[in-house]
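Position in the sequence shown counted from 1, then plus 349, gives you my numbering.
Backbone N, C-alpha and C fix where the C-beta goes; we use that ideal spot for every residue, glycine too.
Read through the structure below, which is laid out as structure tokens, and then see the notes.
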Amino acid sequence: MTGFILRILGNSIAVYLAFWLVPGFLVTGGWVQYLIAGLVLAILNMTLRPILKLVSFPIIMLSLGLFTLVINALMLWLLDYFLIFITIQDLVALVWATIVVTIVNLIVSIFSKAF
350 MTGFILRILG
360 NSIAVYLAFW
370 LVPGFLVTGG
380 WVQYLIAGLV
390 LAILNMTLRP
400 ILKLVSFPII
410 MLSLGLFTLV
420 INALMLWLLD
430 YFLIFITIQD
440 LVALVWATIV
450 VTIVNLIVSI
460 FSKAF
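Set out below in structure tokens:
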């Protein structure tokens, strides 16, 4: 349960940093919207992401793991699709937001395993 809460908080921080750093990645609202976005992203990553990684395993192996960025971009696009208060304006914003969210989640996962 603590891992899931850390994942929600990490995703919320990642979405906030993507909003702050990436032009074209917009979040309207306050901290509640960031927590909702973190919750939805954590649920998407727990349910849909493993299925997509399993199905696309050969492509992931051929690309030496770089195809996981495409899966992460799909998760952010679905977040934009499901939540009204998140807007991704173009593909460049999606790519940069994916990179920011991936890096922040990597740091949070390393930090959570240390404790």
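Check, Outcome
"Whole beta strand (DSSP E) runs in the region 365 to 402 with 3 or more residues, listed along the chain?", "374 to 376"
"Going by DSSP, name the residue or residues bridged to Ile-437.", "Phe-374"
"Is it the case that the Cβ atoms of Leu-425 and Thr-447 are separated by a distance below 7 Å?", "yes"
"Report the residue from Gly-387, Ile-385, Ala-422 whose alpha carbon sits nearest the alpha carbon of Lys-402.", "Ala-422"
"Run the CB neighbour count on Ile-400, radius 10 Å, all protein chains shown included, and call it buried at 16 or more, exposed below.", "exposed"
"Between the C-alpha atoms of Gly-414 and Val-404, what's the straight-line distance to the nearest angstrom?", "14 Å"
"Could you check whether the Cβ of Trp-369 sits closer than 6 Å to any heavy atom belonging to the ligand ADP?", "Ligands in the displayed structure: none, and consequently the ligand ADP is not present."
"Nearest by alpha-carbon distance to Phe-434: which of Ile-354, Phe-460, Val-453, Val-364 is it?", "Val-364"
"Helix or strand or just coil, what does DSSP make of Ser-428?", "The amino acid at residue 428 is misidentified as Ser; the sequence shows Leu. Note: Leu-428 maps to helix in three-state DSSP."
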